[in-house]
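Chemist: Starting off with a structure, shown below.
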Amino acid sequence: MDEFSEGYYDAVVIGAGHAGCEAALALARTGIKTVMLTLNLDSIAFMACNPSVGGTAKGQIVREIDALGGEMGVNADKALLQIRILNRGKGAAVRSLRGQEDKNLYHRLMKETLENTENLKILQSEAIDILTDGERVTGVKTAFGGVIYCKAAIICTGVYLNGSVIAGEWRQSSGPNGFQPANGLTQSLVKLGFNVRRFKTGTPARVDKRTIDFSELEIQDGEKVYPFSYLTKALPEKQTPCYLTYTNEKTHEIIRANLHRSPLYSGKIHGTGPRYCPSIEDKVVRFADKERHQLFLEPEGADTNEIYVQGMSTSLPHDVQKAMYRTVKGLEHCEIMRYAYAIEYDCIDSLDLYPTLEYKKIAGLYTAGQINGTSGYEEAAAQGLIAGINASLKIRGENPLVLRRDDGYIGVLIDDLVTKGTNEPYRMMTSRAEYRIVLRQDNTDFRLTEKGRSVGLVSDERYRVYSERKAEYEKAKKEASRRLKPSETDEFLKARGFPAANCALTVGDLIRRGIPLEDVVAEFGGFDGVSAAILETVEIDEKYSGYLEKEREQIEKAVKLEQKALPDDIDYLSMSGLRLEARQKLDKIRPKNLGQAQRISGVSPADIAVLMVYLGK
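Right, here's the structure in full:
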């Protein structure tokens, strides 16, 4: 096919899923002339699996994306069907927002945002080759022979790269939901030196709402909470409910009787699946003693009867699916509108990337999202945002943005990928963050908005909202240090089972005794005009002040190691003081500093001591 020029751009984004959208917007909004390629304009920001945004640890990521100037939180708030806080009964560090989304509306809103963003062109075309001069990216070639010349490219192919959909004995080359796959790019990636592997994920069936008996199911209502985005002024007054039901022994019998027809167990699926989001047949096998598994019935949108059966992902044949779904309470007469399936796809080894998400072998070439081995919309969007920011900074000749593990969950996510790697689809969890009392979802703007402003992505309006919140927080913190006389507090304490203090106490002292701030305000006043969101942050900061202080001490020690930079040209393989495994791991990963080196699996404290001696010389 004859080649022709599609034009000259600063940057090309390949893919328009959640990673691609954030990458393209970050580039264009910082003044970078950008083109975004997508296989199909109708698949922009498509929710191929759960019709939701947020969740445990993922809610923190969405709010961090928003604090940095990203779009996911803004869009999610506009498309909400319901929102609630998970883990409300647990500590503040693990509470997370989760929003049920109108998936078609989410797609339309994001497409509209992209189409009306200055410096951004959207082109329906498939990328099949990354062009380089050997050391840096120079362009992208499309399946139609078009060549787009560029200074930077970000690959955000999601699960489309050599996508293959499987259900029972049936297999088809396809992207999710019947969209076409991207079959032309993997060969180019291999040629560039990427280590390509095969991962797998899956999705449950969608059933017709009119054929579900909701009468005996447990209702899951939304809550009056704060939104994902700091720019959102109000949440929907009316929220759509979800419902809870369970599998049972009859369901499990059908699954066990048909395991020989499951591609997961028959050997037809070769890709590695997600550990923390297993298929229903995997759950039945792995947790054989469990009598039931919970399922959530979630609406896919306000304009459709499709209901997503969360928790019942499968790749069993369609006849088995129909039988097993109808064993579930409420689904006895359900009609399936879209059958469940598994999907295999190509991805890369994330150890081949710098913490900026730039490929180590080709300057200006970045990867983000599920191509890096992650799962989830939120993890993808976070990577797309950081890759877009760093590609923009590189083009502008400025220093990159690398978030540390104490900066946010996004920092933890990327550090895990480029330092530890992943041999299965990576999912963010609160347990992965060692500083999670600091990295809460209520303080993301205080942690990250200044960083987003410094790279040129936080708008004036967003920064104004942040500045007002910060001033309000500082005023409330001052109020929390207000001292109260024993004559004011003794009876108040006794009424709640506490001994009299016999000395002056601050409002913070009362909170640390476990008394809700709401009760303190009702009794002693103060905090006039302070919003509920700021009151929550102040209450958490006071209640966990001792733990926060310990975490900050740990962060201070870790930062000292992060500040000890390791030269790019160290010859680890000839460093005799290092153990063989450490030499090989350090040579492959090429850590930027001692802190990152310390987190590499196979690098011991003794190896770090050798590196410290080396730096001292």
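Heads up, the sequence shown is in my numbering, so the first residue is 880 and it goes up one at a time. Here a beta-carbon is modelled for each residue, glycine too, at the ideal position from N, C-alpha and C. Since the structure is predicted, the reported quantities are computational estimates derived from the model, not experimental observations.
(1) Specify, as a first and last residue, the run of the alpha helix (DSSP H) that Val1438 falls within.
(2) Between the Cα of Gly970 and the Cα atoms of Ser1410, Val1337, Gly1393, which residue gives the shortest distance?
(3) Step through the CB atoms of chain B and report whether any lies within less than 7 Å of the CB of Gly1057.
(4) Going by C-alpha distance, which of Glu1257, Gly1042, Gly1063, Pro1279 is nearest Ser1053?
(5) Rounding to the nearest angstrom, what Cα-Cα distance links Thr1065 and Leu1040 in this structure?
(6) Sorry if obvious, but does the Cβ on Met1203 come closer than 6 Å to a heavy atom of the ligand COA?
(7) If we call anything under 7 Å between Cβ atoms a contact, is Asn995 one with Lys912?
(8) How many Å lie between Gly896 and Ala924 at the Cα?
(9) On the three-state DSSP scale, how would you describe Ala1266?
(10) Just confirm the distance between the C-beta atoms of Thr1119 and Pro1083, as a whole number of angstroms; I'd bet it's less than 8 Å.
(11) Could you give the DSSP three-state label for Thr1090: helix, strand or coil?
(12) Measuring straight from C-alpha to C-alpha, what distance separates Gly1025 and Ile1007?
(13) Let me know the beta strand (DSSP E) ranges lying completely inside the segment 1287 to 1368, each 3 residues or longer, listed in chain order.
(14) Less than 7 Å between the C-beta atoms of Pro1234 and Val1291, yes or no?
(15) For Arg1015, does the three-state DSSP call read helix, strand or coil?
(16) Per DSSP, Leu1256 is paired with what?
(17) Residue range of the beta strand (DSSP E) that Asp1225 falls in?
(18) What is the rounded straight-line gap between the Cα of Glu901 and the Cα of Arg1326?
(19) Would you call the CB atoms of Pro1196 and Gly1047 closer than 7 Å?
(20) Check whether the segment 1099 to 1118 and the segment 981 to 988 touch, using three or more Cβ-Cβ pairs below 8 Å as the test.
(21) Excluding sequence positions up to five away, which residues of its chain have a Cβ less than 7 Å from the Cβ of Val1482?
(22) Kindly indicate the opening and closing residues of the beta strand (DSSP E) around Ala1032.
(23) Is His1139 buried or exposed, if buried means 16 or more other CB atoms sit within 10 Å of its CB?
(24) Mind the definition here: the segment 1101 to 1110 touches the segment 1175 to 1191 only if three or more C-beta pairs lie below 8 Å; say whether that holds.
(25) For Arg942, does the three-state DSSP call read helix, strand or coil?
(26) Please check the pair Gln961 and Gly1101, which I expect to be a contact at CB under 8 Å, by giving their CB distance rounded to whole angstroms.
(27) Might you give, ordered along the chain, the residues of its own chain that have their beta carbon closer than 8 Å to the beta carbon of Leu1071, omitting 5 neighbours on each side?
(28) For Cys928, which three-state DSSP category applies?
(29) So, under 8 Å CB-CB, Gly949 and Leu1264 are touching, yes? Tell me the CB distance rounded to an integer number of Å.
(30) Do you know offhand how far Ile1098's Cα is from Gly1209's?
(31) What distance in whole Å lies between the Cβ atoms of Ala1221 and Gly1081, which are believed to be in contact at a cut-off of 8 Å?
(32) Would you please state the rounded distance, in angstroms, between the beta carbons of Ile1045 and Glu1160? I believe it to be under 8 Å.
(33) Relative to the C-alpha of Asn954, which residue among Thr1206, Met1307, Leu1114 is closest?
(34) When burial is assigned at 16 or more other CB atoms within 10 Å of the CB, is Met1203 buried or exposed?
(35) Looking at C-alpha atoms only, which residue of Ser1004, Gly1474, Asp1182, Leu1143 is the closest neighbour of Asp981?
(36) For Glu1005, I'd like the list of residues in its chain whose CB is within less than 7 Å of its CB, leaving aside the five on either flank, ordered along the chain.
Modeler: The structure says:
(1) 1424 to 1441
(2) Gly1393
(3) The structure shown contains no chain B; it holds only a single protein chain.
(4) Gly1042
(5) 7 Å
(6) This structure lacks the ligand COA; in fact it carries no ligand of any kind.
(7) no
(8) 5 Å
(9) helix
(10) The Cβ separation is near 19 Å, so there is no contact.
(11) helix
(12) 10 Å
(13) none
(14) no
(15) strand
(16) Sequence inspection shows Tyr at residue 1256; the Leu mentioned does not correspond to that position. Its beta-bridge partners do not exist; DSSP assigns none.
(17) 1220 to 1227
(18) 20 Å
(19) yes
(20) no
(21) Ala1461, Lys1464, Leu1465, Ala1476
(22) 1031 to 1034
(23) exposed
(24) no
(25) helix
(26) 3 Å
(27) Ile1009, Thr1011, Tyr1238, Lys1240, Ile1241, Leu1244
(28) coil
(29) 5 Å
(30) 12 Å
(31) 4 Å
(32) The pair is not a contact, with the Cβ atoms about 13 Å apart (cut-off 8 Å).
(33) Leu1114
(34) buried
(35) Asp1182
(36) Leu918, Thr1021, Ala1022, Ala1061, Gly1063
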